[in-house]
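Protein chains: 2
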Amino acid sequence: MTTRRAATPRVTLVDVAKLATVDKAIVSRVINEDPALVIRQETRDRVIDAIRTLGYRPNIAARSLRTAKAGTLGLVIPDFANPVYAEIITGAESAALDRGHVLVTGSTSGSRNGMDRYLELLGQGRVDGLLLAGPTSAREHQKLQSLGLPWMMVNRRDTGDHHRYVILDDAHAAKLAVEHLLSLGHRRIGHVAGPTGADTAKRRAAGYRQAMKTAGITVRPADVARGDYTSGGGAEAMGSLLANAEKSGTPTAVFVANVAMAVGVLDTLRRAGLRVPADVSVVAVHDLPLAEHLNPPLTTVRMPLQQLGGRAVELLLSRAPEEQVTEVVSTATELVLRESTAPPRI
Amino acid sequence: MTTRRAATPRVTLVDVAKLATVDKAIVSRVINEDPALVIRQETRDRVIDAIRTLGYRPNIAARSLRTAKAGTLGLVIPDFANPVYAEIITGAESAALDRGHVLVTGSTSGSRNGMDRYLELLGQGRVDGLLLAGPTSAREHQKLQSLGLPWMMVNRRDTGDHHRYVILDDAHAAKLAVEHLLSLGHRRIGHVAGPTGADTAKRRAAGYRQAMKTAGITVRPADVARGDYTSGGGAEAMGSLLANAEKSGTPTAVFVANVAMAVGVLDTLRRAGLRVPADVSVVAVHDLPLAEHLNPPLTTVRMPLQQLGGRAVELLLSRAPEEQVTEVVSTATELVLRESTAPPRI
DNA sequence: ATCGGTCGTTCAATCGTTTGACCGACAGTA
DNA sequence: TACTGTCGGTCAAACGATTGAACGACCGAT
Numbered sequence: 001m002t003t004r005r006a007a008t009p010r011v012t013l014v015d016v017a018k019l020a021t022v023d024k025a026i027v028s029r030v031i032n033e034d035p036a037l038v039i040r041q042e043t044r045d046r047v048i049d050a051i052r053t054l055g056y057r058p059n060i061a062a063r064s065l066r067t068a069k070a071g072t073l074g075l076v077i078p079d080f081a082n083p084v085y086a087e088i089i090t091g092a093e094s095a096a097l098d099r100g101h102v103l104v105t106g107s108t109s110g111s112r113n114g115m116d117r118y119l120e121l122l123g124q125g126r127v128d129g130l131l132l133a134g135p136t137s138a139r140e141h142q143k144l145q146s147l148g149l150p151w152m153m154v155n156r157r158d159t160g161d162h163h164r165y166v167i168l169d170d171a172h173a174a175k176l177a178v179e180h181l182l183s184l185g186h187r188r189i190g191h192v193a194g195p196t197g198a199d200t201a202k203r204r205a206a207g208y209r210q211a212m213k214t215a216g217i218t219v220r221p222a223d224v225a226r227g228d229y230t231s232g233g234g235a236e237a238m239g240s241l242l243a244n245a246e247k248s249g250t251p252t253a254v255f256v257a258n259v260a261m262a263v264g265v266l267d268t269l270r271r272a273g274l275r276v277p278a279d280v281s282v283v284a285v286h287d288l289p290l291a292e293h294l295n296p297p298l299t300t301v302r303m304p305l306q307q308l309g310g311r312a313v314e315l316l317l318s319r320a321p322e323e324q325v326t327e328v329v330s331t332a333t334e335l336v337l338r339e340s341t342a343p344p345r346i
Numbered sequence: 001m002t003t004r005r006a007a008t009p010r011v012t013l014v015d016v017a018k019l020a021t022v023d024k025a026i027v028s029r030v031i032n033e034d035p036a037l038v039i040r041q042e043t044r045d046r047v048i049d050a051i052r053t054l055g056y057r058p059n060i061a062a063r064s065l066r067t068a069k070a071g072t073l074g075l076v077i078p079d080f081a082n083p084v085y086a087e088i089i090t091g092a093e094s095a096a097l098d099r100g101h102v103l104v105t106g107s108t109s110g111s112r113n114g115m116d117r118y119l120e121l122l123g124q125g126r127v128d129g130l131l132l133a134g135p136t137s138a139r140e141h142q143k144l145q146s147l148g149l150p151w152m153m154v155n156r157r158d159t160g161d162h163h164r165y166v167i168l169d170d171a172h173a174a175k176l177a178v179e180h181l182l183s184l185g186h187r188r189i190g191h192v193a194g195p196t197g198a199d200t201a202k203r204r205a206a207g208y209r210q211a212m213k214t215a216g217i218t219v220r221p222a223d224v225a226r227g228d229y230t231s232g233g234g235a236e237a238m239g240s241l242l243a244n245a246e247k248s249g250t251p252t253a254v255f256v257a258n259v260a261m262a263v264g265v266l267d268t269l270r271r272a273g274l275r276v277p278a279d280v281s282v283v284a285v286h287d288l289p290l291a292e293h294l295n296p297p298l299t300t301v302r303m304p305l306q307q308l309g310g311r312a313v314e315l316l317l318s319r320a321p322e323e324q325v326t327e328v329v330s331t332a333t334e335l336v337l338r339e340s341t342a343p344p345r346i
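Chains as they are written, first to last, in full-length UniProt numbering: chain A, 1 to 346; chain B, 1 to 346.
In structure tokens:
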């Protein structure tokens, strides 16, 4: 039998106060554990009982109005379908929850000017702070600034003078990947890089070049191609690498800047009749669940994406809005060995 | 040069009213486009100018307090990493935005009792309504009920007496898949089903049986195995299908209840030395971007997941809380032909 | 000249919490 | 006895927007 819910007349502080025969101020202070409150244990119990029997829940709107805090954080990502952001969200959400905050995650992919819409909607006191993952423009930085909200970038290093960001150790990840290939005996190692706009791509490319240089190997321009971080882009980029190779031979291994592109790379290689890892070894950045089930299972570099998201929330909440915050999360950046890498033939 | 932001003293209605030399009531009514407001165009312009020059933004907390509406909707999913939910979120978010609402998406995977935490956090007037995708318990239904919020289930049909849900036409999707296999000439068609708890799994299994029956084929119990909608579960289920087959021969085709499990199924087949589609054809439900890049590219049945999410939001916002709402979204449920299905050998 | 009816606008109560200020009672001290 | 503190609370003013009610001015009709 269902209890028919009459339009419940919300139970408020005064209801509780009446039942406990105290002033509502007491109730409020009990709830918020005001350290300045001195009160008999007996009274406190009466209040707590009253709260319980009435099933009282503080009204968030009223509280927000009074305290000028929303208890909510915003996270703007490009696209929910991208598993990299799924990981970041997961970490951020959990950290926010632990600090009693709710996380509003919005994607900009939906509409043409998704970011604007979100800045509009969230910049009215709806959130206490904003986390931006993914690309942003200078104009958006302007707008953000004018909202007067604390905000920072996640997995992106902004180009302006707003030095607040958390990123991963992309260069190190790239180095791990390339050194793995080197240690297997590869000398001719190609790179499917990310888009020019993404600074993560720059750092991974830099790590790749660095590792190659350290090994005393010159990188041929023809062995580096650029994709847009999607599997389609990866497929294309690998295609152009193979095309370039017609005259000068094929790399025996490829370091791919992210897993999504690696999926396309595997595709292209298969269609070209090249076996992985027998003919070409492939290693990519980001150890997403998917990697394990590709054909062949993909060797990757695990990045602490969840920690990244979590750390971003922590920093956003703990640091003063005007304070500079630049942090690199580098825990547990490590190679995950699977079946897509092997020594080169001969 | 950055404008240094002094701690901005929020600009409020009265500031605007003063500048426009009208009462704040006017400003409020102008903003909310109160149809009952009769006002000279000149005055209206003055107000609008004032709003613009001051950069006024209404304070959400105050508005929520007064109107008892949050302008926010909640969506609770099991896990962000599951691309099925990514699609639902995307659709829901876009629909919410179109209606001037913000969507708070929370996952229950984070902590042991994630659902409870969310019901706690969101059930304080933070959201105007709640969408539940994924499994829920009777106890949670109880709690939900006690929050006095409108809520409904998405892609799940609740078992209780709360008849508010939007689902997809799972039986039809299954039929499309199986009929495709039948038309290729397969007679022995296995099924990797979803978990008993999920009613989507039940409907897909029912559709499978229905289609088989219509074709006059008896389904052997050994040809149906159950997985938990993850790729690991799919791999296992396919394993047991192969084990069962030792005595009675292998199915020439498998209908898999979702893409995640199909990934595992392909894995198991590959390890068993069976080629897809030469030895076994595979077709799965849900046409996620991933499907295109599996090896081989997977034939699927596309389901309108985004529409599902969008429709859920629409219904939640438009229907009275006590009204029953049961809808099946079935637009664009169609077969997507790729390379994982082919006629059986001989 | 008076009345009624729009038009254009103002008044003020209200939503539910938080929080600084204030206050009475009682105990201990000088 | 008067004074000073602590204890255990109460009072009331915010926070910023919404909205029903009221109000003065003006116009046309009687």
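Note that the Cβ used here is the ideal one computed from N, Cα and C, for glycine as well. In this text the structure is predicted, and so the values were computed from the model without any measurement.
DSSP state of residue i mapped onto helix, strand, coil
i	result
P343/A	coil
V265/B	helix
Y85/B	helix
T3/B	Low confidence applies to T3/B: its pLDDT is 34, below 50, so where it sits in the model is not reliable enough to give any reading.
V11/A	coil
G71/B	coil
L182/B	helix
R139/B	helix
R164/A	strand
L298/B	coil
T196/B	coil
T326/A	strand
M303/A	coil
E334/A	strand
N59/A	coil
V38/A	coil
Sheet register partners of residue i (DSSP bridge)
i	result
H191/B	V224/B, F255/B
V76/A	G106/A, L132/A
S281/B	A253/B
V154/B	A133/B, V166/B
Member of the options whose CA lies at the smallest distance from the CA of residue i
i	options	result
H172/B	T331/B, S94/B, R10/B	T331/B
Y56/A	L13/A, S64/A, D79/A, E87/A	L13/A
R10/B	A20/B, R44/B, V47/B, I51/B	I51/B
T230/A	T105/A, L75/A, A201/A, V16/A	A201/A
P221/A	R188/A, R203/A, G129/A	R188/A
R164/B	L65/B, E327/B, A198/B	E327/B
V22/A	L317/A, Q324/A, Q142/A, R44/A	R44/A
V313/A	E334/A, G100/A, P297/A	G100/A
M303/A	P321/A, I346/A, V84/A	V84/A
S94/B	D223/A, G232/A, V282/A, G106/A	G106/A
T108/A	A96/A, P78/A, T333/A	P78/A
A260/A	R319/A, T250/A, I217/A, G194/A	G194/A
W151/B	P344/B, A320/B, V256/B	A320/B
Residue j beta carbon less than 7 Å from that of residue i
i	j	result
G234/B	V254/B	no
I167/A	Q124/B	no
A86/A	A291/B	no
A215/B	A225/B	no
V47/B	V104/A	no
L274/B	R338/B	no
V282/A	V301/A	no
P296/B	V276/B	yes
V192/A	V256/A	yes
residue 347/A	P344/A	Nothing can be reported for residue 347/A, as the shown portion of chain A is limited to 1 through 346.
beta-carbon residue i near the ligand ADP non-hydrogen atom, thresh 6 Å
i	result
Y118/A	Here there are no bound small molecules, and the ligand ADP is not part of this structure.
- Query: Three or more beta-carbon pairs under 8 Å between the region 264-279 of chain B and the region 302-312 of chain B, yes or no?
  - Reply: no
- Task: Report yes or no: do the region 116-136 of chain B and the region 153-160 of chain B share at least 3 C-beta pairs separated by less than 8 Å?
- Result: yes
- Query: Touch check for the region 203-214 of chain A and the region 172-186 of chain A: three-plus C-beta pairs under 8 Å?
  - Reply: yes
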